[in-house]
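Asks: Sharing a structure, written as structure tokens. Questions coming.
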Amino acid sequence: MIIAQNISRYFGRVAAVSDVSFELPAGGAMALWGSNGAGKTTLIRCLLGIIRCRGEASIGGINTRRNGRRARALTGYVPQELAFHEDARLGGAMGFFASLRSVPSARIGASLAAVGLTGHEKKRVRDLSGGMKQRLALAIALLSEPPLIVLDEPTSNLDAAGRGEVVETLRRLRSQGKTLLFASHRPDEVIGLADRVLVMERGRIERDTTPAELWPTEKPVQVVRLHLEMARESDAADMLRAAGHAVHLNGHGLCVAVPRDRKAAPVTVLARGRIEVRDIEVLDDVNLPEVVS
Amino acid sequence: MNRVMELCCVPTMVPARPPAWGGGTLAFARREFRDALASKWFLLYTLAFTVLAVGVSFLSMSGVGAQGFAGFGRTAAGLLNLIMLVVPLMALTAGAASIAGERERGTLLYLLAQPVSRTQVLLGKYTGIAAALVCSLCIGFGVSGGVLAWRAGSVGVVSYLFLVGFTVLLAVGMLSVGMLISVASRRSSVATGIALFIWLALVFLSDLGLMAGSLIFKLRVQEIFGLAVLNPLQSFKMATIVSLNGSLDVLGPVGAYASHTLGGSLVWTLVATLGAWSVAPLLAAVVIFARRTSV
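Note that the protein sequences, when read in sequence, are chains A and B. My numbering applies: residue 1 is where the first sequence begins, and numbers increase by one. My numbering applies: residue 1001 is where the second sequence begins, and numbers increase by one.
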């Protein structure tokens, strides 16, 4: 579905994306994983032909630079920063995007229903919460039933319940054969949705792997997110790895896979190294072998 | 979220091809037109233009020592300077805010992620704003014209209609310049600032510059005429005067030269110049916008 060959994008002398190549087959689900500034968003924009880049990208065999319009017709996109015309009403916004995609207006109601926004058509966009805007973006992405859905941190503005609903929607879309490409900072999402993970750092692909390899364990695990002083995150990650933990530093704290019955173990390790943990967030219950099997 | 299954039951087409080019452009035009009609600037400019146009048509009679409404011809002459001030300002600022505003709000990126080209976005927005501008002008001219027809009869109505046509050409020309400024600017405030400077230059500075240049460089009449025509406001003024008087003799030696040299083709030359101001900046805007490597 997606073929990226030597994609590079520079901002001045800084390489936002550097020589990235990968293939994502139809029906597959790939997560882009990495810290803030790793190049995930820029890579997505390059792939969709929104910004110019070096290299070649195609969606469904259509070159996104030479024929971006056709390539984007195969794609539903949910951006990281949701920007709609604030004065527009939700129904009006849907109507506009339906006309851009030549979708019959009868389908608008079904798309809104799919993301739980039925009954909000008359609300102005500025009156919607962040989560509702995110769901609106998902509804727009689903309007034309594209075979490829590209999402840039689709749950970043959602609470736990909203997050679960979106993940469930994406899981169902996947089961219907849709191809998913998404950037995420949440291990539970990556584990629950992706069959491949591209780990990016400083614009490059560090690893092309699977969630099971990224968070290896034989036992049922949970992922905890540790919040600590940013300047000490790197030291903490090294310390936890040395203690045998699988750790990922993704710009939103340290994500550590821990056995279900030893969630406090990383805190103990860090306390020994005199690193203070400010907060612990236990992410959604995840059983790696079940999810990835 | 279980309703996803409902979504799948709605008959749809998988988009093997993008929507028709014209359909996407029209969708942008419709939205832009609706947004403009609902905006405060549209209301303000329309109201101001209408009040001033009716006021000018009333005051036009005072020049001949009478009170009440003048005829269409005299009103057209009276409206000339008002249009040269107000219409370029309306069109330049509306155009300048269009793309730069979308870029600043972050909405442009999302629009460009849809199955549309940059040219469609630009032309759609241009068409929508142009339609709103024409609508605004038609309301102003319509109210003024209705009052005139009621109080002063229909003498000189052809000159008035020519004025409406030239004003529309001037408006879309200035809108093109505004769009060009907009695609080249990152921020809406910068685009509006540049638009205001260009308005100032066209309305005031170019006349002063032409006068100074003709004195310093001892320009010949044909050179002065050539330079004057480059300013779309001067082209508009000359075209309106020709439609009212049949010649440009009232403008002195330069006008007499233009009238005698170009004769019947003078008005078409001026209309072509205004047309070029509509097309050339818009084409430049399309090229610049399409070649931008970022949003």
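Cβ atoms here follow ideal geometry from the backbone N, Cα and C, with glycine treated the same way.
1) Between the beta-carbon of residue 227 of chain A and the beta-carbon of residue 278 of chain A, is there less than 8 angstroms?
2) Which same chain residues end up closer than 6 angstroms to residue 1270 of chain B when comparing Cβ atoms and leaving out the 5 residues on each side of it in sequence?
3) Pop quiz: residue 125 of chain A and residue 84 of chain A are said to be a contact at Cβ under 8 angstroms. What is the actual Cβ separation, rounded to whole angstroms?
4) Output the distance between the C-alpha atoms of residue 1122 of chain B and residue 48 of chain A, rounded to the nearest integer angstrom.
5) Between residue 1083 of chain B and the ligand SAH, is the CB less than 7 angstroms from at least one heavy atom?
6) Which whole-angstrom value describes the C-beta separation of residue 1124 of chain B and residue 1026 of chain B, a residue pair presumed to lie in contact below a C-beta threshold of 8 angstroms?
7) Do you know how far the Cα of residue 1089 of chain B is from the Cα of residue 1282 of chain B?
8) Which bits of chain B does residue 56 of chain A rub up against, with CB to CB less than 9 angstroms?
9) Please compile the residues from chain A whose C-beta is within a distance smaller than 9 angstroms of the C-beta of residue 1117 of chain B.
10) Which residues of the segment 1239-1270 of chain B have a Cβ closer than 9 angstroms to any Cβ of chain A? Give them in chain order.
11) Rounding to the nearest angstrom, what Cα-Cα distance links residue 232 of chain A and residue 275 of chain A in this structure?
12) Does any residue of chain B bring its CB to less than 8 angstroms from the CB of residue 65 of chain A?
13) Identify the contact partners of residue 50 of chain A in chain D, using a Cβ-Cβ distance below 7 angstroms as the criterion.
14) Listed from N- to C-terminal order along the chain, which residues in the segment 11-27 of chain A have their beta-carbon within a distance smaller than 9 angstroms of any beta-carbon of chain B?
15) With a floor of 4 residues, list each alpha helix (DSSP H) that falls wholly inside the segment 23-91 of chain A, ordered by position along the chain.
16) Residues of chain B with a CB under 8 angstroms from the CB of residue 83 of chain A: which are they?
17) Taking just the CA atoms, how far does residue 1019 of chain B sit from residue 1045 of chain B?
18) DSSP on residue 250 of chain A, reduced to helix/strand/coil?
19) Rounded to whole angstroms, how far is the Cβ of residue 1211 of chain B from the Cβ of residue 1285 of chain B, which I believe are closer than 8 angstroms?
20) Near residue 1079 of chain B, which residues of its chain fall below 7 angstroms by C-beta distance, leaving aside the five closest residues on each side in sequence?
21) Whose C-alpha, out of B:1191, B:1182 and B:1141, is nearest the C-alpha of residue 1072 of chain B?
22) Tell me where the beta strand (DSSP E) around residue 6 of chain A begins and ends.
23) Using a C-beta cutoff of 8 angstroms, does residue 101 of chain A count as contacting chain B?
24) Is there at least one Cβ from chain A nearer than 8 angstroms to residue 1088 of chain B's Cβ?
25) What do you get for residue 151 of chain A, buried or exposed, if any count of 16 or more other CB atoms within 10 angstroms of its CB means buried?
26) If you draw a straight line from the alpha carbon of residue 154 of chain A to that of residue 41 of chain A, how long is it in whole angstroms?
27) Can you find a C-beta in chain A that's less than 8 angstroms from the C-beta of residue 1281 of chain B?
28) Ends of the beta strand (DSSP E) at residue 182 of chain A?
29) Looking at chain A, which residues of the segment 1175-1191 of chain B have a Cβ within less than 8 angstroms of any of its Cβ atoms?
30) Can you say whether residue 318 of chain A is buried or exposed, counting buried as having 16 or more other CB atoms within 10 angstroms of its CB?
31) Check the Cβ-Cβ distances between residue 79 of chain A and every residue of chain B, and say whether any is below 8 angstroms.
32) To the nearest angstrom, how far is it from the Cα of residue 175 of chain A to the Cα of residue 182 of chain A?
33) Taking 8 angstroms as the threshold, find out whether the segment 1141-1159 of chain B comes into contact with the segment 1186-1197 of chain B through three or more Cβ pairs.
34) List the residues of chain B that residue 96 of chain A touches, going by C-beta distances under 7 angstroms, in chain order.
35) Let me check one thing: in DSSP terms, what residues is residue 209 of chain A bridge-paired to?
36) Rounded C-beta distance between residue 1232 of chain B and residue 1277 of chain B? I'm assuming under 8 angstroms.
Replies: Taking the definition as stated:
1) yes
2) 1235, 1238 and 1239
3) 4 angstroms
4) 19 angstroms
5) As presented, the structure is devoid of all ligands, the ligand SAH included, so that no description of it is given.
6) 7 angstroms
7) 17 angstroms
8) Chain B residues near residue 56 of chain A: none, gap ~16 angstroms exceeds 9 angstroms.
9) 68 and 69
10) none
11) 7 angstroms
12) no
13) Going by chain labels, chain D is absent from the structure shown, which instead holds the protein chains A and B.
14) 11
15) 40-47 and 68-73
16) 1105, 1106, 1107, 1109 and 1110
17) 35 angstroms
18) coil
19) Not quite, the Cβ-Cβ distance comes to about 31 angstroms (not below 8 angstroms), so this is no contact.
20) 1053, 1056 and 1163
21) B:1141
22) 2-11
23) yes
24) no
25) buried
26) 12 angstroms
27) no
28) 179-183
29) none
30) This structure gives no information on residue 318 of chain A, because the portion of chain A shown stretches from 1 to 293.
31) yes
32) 16 angstroms
33) no
34) 1027 and 1031
35) A:197
36) 4 angstroms
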